[in-house]
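Here the structure comes first, spelled out in structure tokens, and everything after it is commentary.
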Amino acid sequence: MSCSRPIDAAVLSDYWFALLADSEEGAVEEHLLTCDECGQRLREVIAIAEGVRKLAREGSLLMVVTDAFLKRAAEQGMRIREYAPPAGGRVDCTVTAEDDLLIGRLAANLSAAKQIDLCICNAEGQEKIRLRDIPAHQAAGSVVFQQPIGYAKAAPSETMIARLVAVDESNGEHLLGEYTFTHTRTIPGPAAW
Ligand SMILES: [Zn+2]
503 MSCSRPIDAA VLSDYWFALL ADSEEGAVEE HLLTCDECGQ RLREVIAIAE
553 GVRKLAREGS LLMVVTDAFL KRAAEQGMRI REYAPPAGGR VDCTVTAEDD
603 LLIGRLAANL SAAKQIDLCI CNAEGQEKIR LRDIPAHQAA GSVVFQQPIG
653 YAKAAPSETM IARLVAVDES NGEHLLGEYT FTHTRTIPGP AAW
């Protein structure tokens with residue numbers, strides 16, 4: 503059993519999320535009717551896609567999100583805590599046991615940036631995590647990201663600095679904005695670390 507024209511994993515994923523054009527969807531469906539090999543690969547793609555979707559829905563991933571994602575989460579009854587420090591500024595923040603999603607909204611002028619990275623730094627400004635080439639609409643004027651809420655709920659009081667960095671073709675970097683989150687733990691009990 504070997505498929506001569508295996509369907510690309512990205513196409514299978516789009517098929518599962520109903521993102522394909524009708525004509526392409528029809529062709530994929532027809533292929534899957536007769537090809538066990540691609541059918542098996544579709545099941546693997548579904549398992550991964552659903553796993554990622556579940557993590558995103560549960561607020562367990564550090565990731566850039568859209569306003570549509572937040573709207574859907576709110577409609578599903580999730581409690582969203584959002585902080586929007588100004589560029590160059592800081593905000594006092596916390597998380598409570600009832601919160602489901604923890605959101606940071608970073609205002610910046612994105613209009614000239616080709617590639618934008620989101621850097622998460624410690625209180626000293628040392629970069630710890632970098633999300634490269636994040637999806638950002640140049641017209642949006644802000645980047646919205648979710649902090650893993652399980653981490654936040656267990657975290658001690660600490661300061662986190664987020665940076666938006668524009669990266670040009672020659673890998674030069676240009677700071678778009680720096681945002682300080684001064685987190686105070688308000689959930690009782692010992693910190694996990
Ligand atoms: Zn096939």
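Each number in this note's numbering corresponds to the 1-based position in the sequence shown with 502 added. No residue lacks a Cβ here, since even glycine has one placed at the ideal position from N, Cα and C.
Practice problem: With I550 as the anchor, note down where its beta strand (DSSP E) starts and where it stops. | Solution: Reading the sequence shown from its first residue, position 48 is the one you call residue 550. Per DSSP, I550 belongs to no beta strand (DSSP E); it is in the alpha helix (DSSP H), 538–559.
Exercise. Kindly indicate the opening and closing residues of the beta strand (DSSP E) around S515.
Key: Looking up residue 515 in the sequence shown gives position 13. Where S515 is concerned, there is no enclosing beta strand (DSSP E), although the alpha helix (DSSP H) it sits in stretches over 511–518.
Quiz item: H533: beta carbon under 7 Å from a heavy atom of ligand 1?
Solution: Sequence index remark: in the sequence shown, residue 533 carries index 31 (1-based). Checking the Cβ of H533 against ligand 1 gives yes.
Quiz item: Which residues in the same chain as E671 place their Cβ atom closer than 8 Å to its Cβ, once the five residues preceding and following it in sequence are excluded?
Solution: Along the sequence shown, read from residue 1 onward, the residue named residue 671 stands at position 169. For E671, where only same-chain residues beyond five positions count, the Cβ hits under 8 Å are K616.
Quiz item: Measuring from the CB of R539, is there a heavy atom of ligand 1 at a distance below 7 Å?
Solution: Your numbering for residue 539 matches position 37 in the sequence shown. Note that residue 539 is Glu in the sequence shown, not Arg. Yes, Cβ of E539 sits closer than 7 Å to a heavy atom of ligand 1.
Quiz item: Whole-angstrom Cβ separation of A664 and Y653, contact assumed at under 8 Å?
Solution: As a position in the sequence shown, residue 664 is number 162, starting the count at 1. As a position in the sequence shown, residue 653 is number 151, starting the count at 1. Wrong, their Cβ atoms sit about 14 Å apart, outside the cutoff.
Quiz item: For S613, which option in A529, W518, V669 has the closest C-alpha, if you only look at C-alpha atoms?
Solution: Residue mapping note: residue 613 aligns to position 111 of the sequence shown, counting from 1. When each option's Cα is compared against that of S613, the closest is V669.
Practice problem: Within its chain, find whatever has a CB closer than 8 Å to the CB of A576; leave out the 5 residues flanking it on each side and keep chain order. | Solution: In the sequence shown, the residue the question calls residue 576 occupies position 74. Cβ neighbours of A576 beyond the five flanking positions: I582.
Quiz prompt | Same chain only: Cβ atoms within 8 Å of M565, ignoring 5 sequence neighbours per side | solution = On the sequence shown, residue 565 is found 63 positions in, with the first residue counted as 1. Around M565: A558, L633, F647, Q648.
Quiz item: Would you say I548 touches ligand 1, meaning its beta carbon is less than 7 Å from a heavy atom?
Solution: The residue given as residue 548 occupies position 46 in the sequence shown. I548 Cβ: outside cutoff for every heavy atom of ligand 1.
Quiz item: Looking at the structure shown, is H533 part of a helix, part of a strand, or coil, going by DSSP?
Solution: Here residue 533 corresponds to residue number 31 of the sequence shown, with the count starting at 1. Helix, per DSSP.
Quiz prompt | Residue nearest to I636 in terms of C-alpha spacing, selected from E552, T568, D602 | solution = Taking the sequence shown and counting its residues from 1, one reaches residue 636 at position 134. For the residues E552, T568, D602, the minimum Cα distance to I636 belongs to T568.
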